[in-house]
Amino acid sequence: MANAYTPGLKVSENTIITKERRLPLMGDVLVKKGGRVKHSDIVAKTELPGNVELVNVVNKLSIDPKEIKDFMLLKEGDRVKKGESIAQSSSFFGIFTTPCPSPCDGTIESISSATGQVVLRQNPTPVEVLSFIDGIVDEIIPKEGIVVKSTGAYIQGIFGVGGETVGELQMVATSPSTVLDEGMINDSYAGKIIVGGSLITASAIKKAQSCKVKGIIAGGIDDETLKNFLGYDLGVAITGNENKGITLVVTEGFGNINMAGKTFELLKQNNGKRTSINGATQIRAGVIRPEIIIPKENLTETDISNPPEANLMMDVGCTVRIIRVPHFGAIATVTALPPEPFEIETGAKVRVVEVKIDQTGEKFTLPRANVELIEK
Amino acid sequence: MHIPKEKITSILATDCGSTTTKAILIEKVDGVFRLVKRGEAPTTVEAPIEDVTQGVLNAITELEELCHRKFLDNGTIIKPKKNEKQGVDIYISTSSAGGGLQMMVAGVVKSMTGESAQRAALGAGAIVMDVIATNDGRLPHEEIERIRHLRPDMILLAGGIDGGTTEHVAKLAELIAAADPKPRLGISYQLPIVYAGNNKAAGLVEERLGKKTALDITDNLRPTLETENLMPARHKIQALFLHHVMQQAPGYNKLMKMTDVDIMPTPGAVGDIMQVIAKQKGMQVVGADIGGATTDVFSVFQGIYNKTVSANYGMSYSISNVFVDAGLDNIMRWVPFTMDERDLRNRIKNKMIRPTTIPYLLKELIVEQAVAREALRLSFDQHKALAVGLKGVQKERTIGDALTQEDSGESLVNLMRLNMLIGSGGVLSHAPRRQQTAMMLMDSFLPEGITQLTVDSIFMMPQLGVLAKVHPEAALQVFEKDCLIYLGTCIAPVGAGKEGKPCVNVKMKKQNGHEIDIDVPFGQLHIIGLPVGETAEVTVTPVRGFDMGEGSGAAVRGTVHGGTTGVIVDTRGRRPFELPKDNAKRVEKLLEWIKAMDLYPKYPKFE
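Taken in order, these protein sequences are the chains called C and W.
So the first sequence is numbered by the working numbering: it starts at 32 and just counts up by one.
So the second sequence is numbered by the working numbering: it starts at 571 and just counts up by one.
Structure, rendered in structure tokens:
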């Protein structure tokens, strides 16, 4: 086999960036195709239905479910205030009345003469979708959202925590091997996205939170640090909804792993630029990886017109990242792709790749499954 | 299908797993269907591809290279077979990629219609995310919040017997309507809901859910207290899965057009083939398929089939969850060397975030196999808990049985009666040595008495399951000849004893007349060589205090089957099975067993 399909993480200096911005429910799209949007622009909005409260009216009024409509003071669709009677029964020729008050503000959604329950829907919560990146509206998805296009630097992380945030990129690490510690973070980084090297320490995260840093990018994080940060042991990698006030993006993996040189250099080149990051990760159905997006300033229409094709085929000469021990995290060049299976230390016969580690020049034979292409 | 069954000679089958897409080629050779080759490629549901068919084409491309033949023409499968070098007659596929089918079920009483609904969904190949019931101890708003939060692919609503009271079912329908759940994939279509409850309540359910959801009404899965009728609901679920849910998953629309018959959910296909085996051989069978995201356990006892899907136990996507649920100590008890906890935690998380990597170093393999033991143990525990009470399809029970269902609660799984244990899934099928597979199965399931151990050779049961629908003869022929690997037979007396004290005597007479008479003391693994295809007659006599199924100290006679490992006499104890508490002693015992089983290429002092 001369080459092999090998998915990898994208690290690109200049690429077309396409972001779908969708509402969780149908709603209104507020921008037009071809229009320019800023990262903070609201592009679509809707209202999330409020929570529901079930009120067992028949129990409260001691009536039969079939009679419920005779005792209701309000009908389906009517608005109601907390404490207001939604139904009422009376006895002794109307002298005594038993009211059934509403437990919340909202709307009467349904009245059931089978169960005697009334469903009250609380007031809706407005939801707005921001553009997240500066760009041009490339497509309108009717009632759902838009596709915004831009060009610029794009880096996929391997794992992240926290949702979307935008801030100025601030290099803090001096090399890909710098361990980001609390002493390196100060109040001047408030509102910024800071870049570490090989590891984010627990104390660095705490300090960054207290300094109101918006995000941290680094090569690695210890699982123990993550557990303490989240407050629980992460079983399945579905993240993005943590409400921690800070977003983390890890580019290489768990442990102390030097950030890939290319990634580090690319971030360094963009020091000071407005950067959009998203820690949301879903390593399951429809995999989502965290992202670092640095859109080009002064974007023109022609910048977004010719998307380059992604090359996912590993071939001799390709740059790969080794993604499992031994040599985990090392960047290497493919020197051969032997077609026949090869016996590795475990005794398993697997398809392998021969690589030369860029930094040391050492050559190794590794399972193909244990390298990933660094996409350009 | 565009070709009559009798004319089929060449079959291409794929299974799109959550991590890997596997392609196999089956062909008729000298009148018998045999496996020819197997290829695989990473599953492509991740950006930038997000099209499952790309992974399928990549796996087929690898198959082309391995077979030196051509199956694809510009991304299209060449059908029918043109000549010895080009094309296949049919193409079929199973899939669990995209997280499989994720369902919520609802029933009136949790242990009755709730449990029946759960079995119907599991039997259709679904992962059950939650069971909502009127007596589940949650307040209505908590249940509504849960339904909204989970965003299932589909909901199965059951409850009540035909003609019975309608109020509880109507309440459940109101609950679901109030939650107004949105499907996980795609917001522009309505969530499919299957109603399989009291027929008298169908109108009420229709009134409450008809407009808000894609409601489908089918026969009650519990028409009377003493009958369970799961098949109509299962068929409805599978049909909706194909024509509703999978349409939303990346690339499935294309894949569905490529296949000659409907795509089956992987667990459904594996379950089908397991039932065929149990029926054909008249055996009590337990099977386990350990994947990247989920572990499915199947059992057939007394002709009753049960299946469970442990949604968050697996070897890649869910590996970290196994670690969280099993705990560090339970995983490390199988590892004959110490590891820094920080390092181990990081390694497990790295496997989770890069699920397609494989262990290169021996120590890493040992740790992964330790995790597999725990994933299988936890999944088997879940299976035993659900395989209770009223079981199976349309099984008749008396009213008295039905009323005592909650109290009986005894698992149908009886390890002493178990005849065959079947392993499947990457970590078992691809273990570098078959002895490792046998050992993982023994450690996780702790078989008792005499149990045959087998493994799916290259993890092809899913494809054979779907093939059985189209061409049962081909599926069975390949299953017999190429799929099952006979690992050997485990002889394990039940009881506890002291290290080195007498435990069991085994007298064995092989087909060639050779006789073996051996005493195996407590705490050991002893192998008696017996090759694949051979059988031997055994008399196993445990000492007093140990049971082989006939009572304490009573001898049992039987036939044992050979295999790649042979006959394994396991006197490590059952009920309880315990590893030494002292660390040095534990490591010493593990190394002793590793050596006895010839598990690894070397017996290093791991420190």
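Just so it is clear, CB atoms sit at the ideal spot from N, CA and C, and this is done for glycine as well.
Just so we're clear, the structure is a prediction, and the values are computed from it rather than from any experiment.
Coarse secondary structure for residue i, derived from DSSP in three states
| i | result |
| --- | --- |
| Q975(W) | The pLDDT assigned to Q975(W) is 41, lower than 50, so where the model puts this residue is not dependable, and the model offers no usable value. |
| P650(W) | coil |
| Y20(C) | Residue numbering for chain C in the displayed model covers 32 to 407; residue 20(C) lies beyond these limits and cannot be assessed. |
| L636(W) | helix |
| I969(W) | Bear in mind that a pLDDT of 48 at I969(W), under 50, signals an unreliable position, so the model cannot answer this. |
| T579(W) | coil |
| E166(C) | For clarity, residue 166(C) is Gly in the given sequence; the question names Glu instead. Strand, per DSSP. |
| N90(C) | helix |
| Q760(W) | coil |
| A896(W) | helix |
| Y661(W) | strand |
| P326(C) | strand |
| R352(C) | strand |
| F641(W) | coil |
| Y822(W) | helix |
| N259(C) | helix |
| N401(C) | helix |
| F395(C) | strand |
Strand pairing of residue i, partner residues [DSSP]
| i | result |
| --- | --- |
| D750(W) | Its beta-bridge partners do not exist; DSSP assigns none. |
| E374(C) | K380(C) |
| Y765(W) | L727(W) and I787(W) |
| L991(W) | V856(W) and L1023(W) |
| S869(W) | V856(W) and N876(W) |
| C242(C) | Its beta-bridge partners do not exist; DSSP assigns none. |
| D1180(W) | Because chain W spans 571 through 1177 in this model, residue 1180(W) falls outside it and cannot be assessed. |
| P132(C) | S116(C) |
| M518(W) | Nothing about residue 518(W) can be reported from this structure: the residues present for chain W run from 571 to 1177 only. |
| F285(C) | I252(C) |
| L161(C) | I73(C) |
| Q201(C) | I225(C) |
For residue j and residue i, the rounded distance between their alpha carbons
| i | j | result |
| --- | --- | --- |
| P642(W) | R716(W) | As written in the sequence, residue 642(W) is Leu, which differs from the Pro given in the question. Near 46 Å, if we compare the C-alpha coordinates of R716(W) and L642(W). |
| T788(W) | S133(C) | 37 Å |
| V905(W) | M290(C) | 31 Å |
| D346(C) | I918(W) | 29 Å |
| A972(W) | E796(W) | Note on A972(W): pLDDT 45, under 50, position unreliable in the model; no value is reported. |
| I714(W) | G1143(W) | 47 Å |
| L726(W) | G733(W) | 19 Å |
| I969(W) | T794(W) | Because I969(W) sits at a pLDDT of 48, beneath the cut-off of 50, its placement in the model cannot be relied upon, and the point is left open. |
| L932(W) | F190(C) | 27 Å |
| V892(W) | Q300(C) | 41 Å |
| L671(W) | D723(W) | 6 Å |
| R52(C) | D1168(W) | 56 Å |
| H527(W) | K827(W) | As shown, chain W starts at 571 and ends at 1177. That puts residue 527(W) outside it, with no answer to give. |
| R604(W) | C637(W) | 14 Å |
| K592(W) | M834(W) | 15 Å |
| A863(W) | I697(W) | 11 Å |
| E403(C) | P321(C) | 17 Å |
| E1050(W) | R708(W) | 49 Å |
| G114(C) | D101(C) | 20 Å |
Residue i beta carbon near the ligand MG (any heavy atom closer than 7 Å)
| i | result |
| --- | --- |
| M290(C) | Ligands in the displayed structure: none, and consequently the ligand MG is not present. |
Any C-beta of chain B under 8 Å from that of residue i
| i | result |
| --- | --- |
| G194(C) | Here the protein chains are C and W, and chain B is not one of them. |
Would you check if there are 3 or more beta carbon pairs closer than 8 Å linking the stretch 644-660 of chain W to the stretch 744-752 of chain W?
With a cut-off of 8 Å, the stretch 744-752 of chain W and the stretch 644-660 of chain W do not count as touching, because too few Cβ pairs lie within range.
In the stretch 690-730 of chain W, which residue ranges form an unbroken beta strand (DSSP E) of at least 3 residues, counting only runs that do not cross its ends?
For the stretch 690-730 of chain W, the full-length beta strand (DSSP E) segments reaching 3 residues or more read 696-703 and 724-727 along the chain.
Would you call the stretch 884-902 of chain W and the stretch 926-941 of chain W touching, i.e. three or more CB-CB distances under 8 Å?
Judged by pairs of C-beta atoms under 8 Å, the stretch 884-902 of chain W touches the stretch 926-941 of chain W, as three or more such pairs exist.
Decide yes or no for the touch test of the stretch 908-924 of chain W against the stretch 874-892 of chain W: beta carbon pairs closer than 8 Å, at least 3 of them.
Taking 8 Å as the limit for Cβ pairs, the verdict is that the stretch 874-892 of chain W does touch the stretch 908-924 of chain W.
Between the stretch 948-955 of chain W and the stretch 216-230 of chain C, do at least 3 Cβ pairs fall closer than 8 Å?
At 8 Å Cβ cutoff, the stretches do not touch.
Write down every uninterrupted run of the alpha helix (DSSP H) in the stretch 911-949 of chain W whose length is 4 residues or greater and which is fully enclosed by it, in chain order.
The qualifying runs are 911-923.
Below 8 Å, how does it come out for the stretch 167-187 of chain C and the stretch 200-218 of chain C: are there three or more Cβ pairs, yes or no?
Touching, no.
Pairing CB atoms from the stretch 74-89 of chain C with CB atoms from the stretch 57-64 of chain C, are three or more of them under 8 Å?
Judged by Cβ distances under 8 Å, the stretch 74-89 of chain C makes contact with the stretch 57-64 of chain C, as three or more pairs qualify.
The stretch 158-168 of chain C touching the stretch 274-284 of chain C, judged by at least three CB pairs closer than 8 Å:
Contact fails: fewer than three Cβ-Cβ distances are below 8 Å.
Mind the definition here: the stretch 1064-1081 of chain W touches the stretch 1108-1118 of chain W only if three or more C-beta pairs lie below 8 Å; say whether that holds.
Contact between the stretch 1064-1081 of chain W and the stretch 1108-1118 of chain W is present, because at least three Cβ pairs lie under 8 Å.
Do the stretch 838-845 of chain W and the stretch 1022-1035 of chain W touch if we need at least three Cβ pairs shorter than 8 Å?
Judged by Cβ distances under 8 Å, the stretch 838-845 of chain W makes contact with the stretch 1022-1035 of chain W, as three or more pairs qualify.
Check whether the stretch 1123-1137 of chain W and the stretch 1000-1007 of chain W are in contact - that is, three or more C-beta pairs closer than 8 Å.
With a cut-off of 8 Å, the stretch 1000-1007 of chain W and the stretch 1123-1137 of chain W count as touching, because enough Cβ pairs lie within range.
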